[in-house]
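Residue numbers (our numbering): 94 to 302.
Backbone N, C-alpha and C fix where the C-beta goes; we use that ideal spot for every residue, glycine too.
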Ligand code: URA
């Protein structure tokens with residue numbers, strides 16, 4: 094079963110409060126999402142493998158550690174996921190970036206893939222799939238399907254705010270995918286918005302309505 098990690102670091106929680114605030118404008122909202130994505134990337138990369146090397150300090154040779162060079166890819170779910178990409182890249186600038194675009198079929202209401210572009214060596218990479226909101230989980234589950242269909246073996250899902258319904262949907266469909274969140278909110282309302290949530294993440298990031 095997927096594990097759920099809630100990043101309760103005080104800096105993340107502080108910034109998340111202002112992200113939630115309806116009086117926070119587009120510029121500040123975007124900056125805060127970017128900053129929280131960086132802080133979350135710090136936590137999510139805790140298990141990155143290291144190798145030991147010899148380093149000449151001015152005093153003597155020391156056994157030191159550097160990253161083993163595990164290949165990573167960040168994949169935003171379009172469009173709101175785009176707001177988290179730069180923040181993650183600040184910490185792992187060599188990561189490749191893929192994209193997954195989904196739309197909701199007006200009749201079945203199911204998410205349908207309309208755009209997927211991933212790095213060529215999918216099977217060798219660890220993927221961090223990002224989307225600020227995990228609501229029903231429909232898009233996240235379908236985006237994970239899209240990655241797995243193309244050969245992805247190691248996927249983490251990272252979002253700012255999750256609803257219990259979305260967490261359950263991923264756990265049921267993809268028990269191998271761990272979930273990294275800044276807050277687990279109460280539930281969804283009748284329109285599929287997370288409550289208390291932050292509203293529509295895409296609209297708030299891009300200043301649309
Ligand atoms: N997507 C959003 O942007 N906000 C929600 O509350 C739910 C889904």
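Excluding its 5 nearest sequence neighbours in each direction, residue 302 has C-beta neighbours in its own chain below 7 Å: 296, listed in chain order. The nearest non-hydrogen atom of the ligand URA is 7 Å or more from the C-beta of residue 276.
When the alpha-carbon of residue 175 is set against those of 226, 152 and 150, the nearest one is in 226. Buried is the label assigned to residue 245, since at least 16 other Cβ atoms lie within 10 Å of its Cβ. Cβ contact annotation for residue 137 (same chain, cutoff 7 Å, sequence separation greater than five): 221, 249, 251 and 273, in chain order. Under DSSP, residue 150 forms no beta bridge with any residue. For residue 235 and residue 281, the gap between their C-alpha atoms comes out near 19 Å. For the set 164, 254, 126 and 253, the Cα lying nearest the Cα of residue 185 is the one of 164. Under the DSSP assignment, residue 296 falls in the alpha helix (DSSP H) whose first and last residues are 294-299.
In the same chain as residue 99, and ignoring 5 residues on each side of it, the C-beta atoms closer than 8 Å to its own belong to 274, 275, 276 and 277, in chain order.
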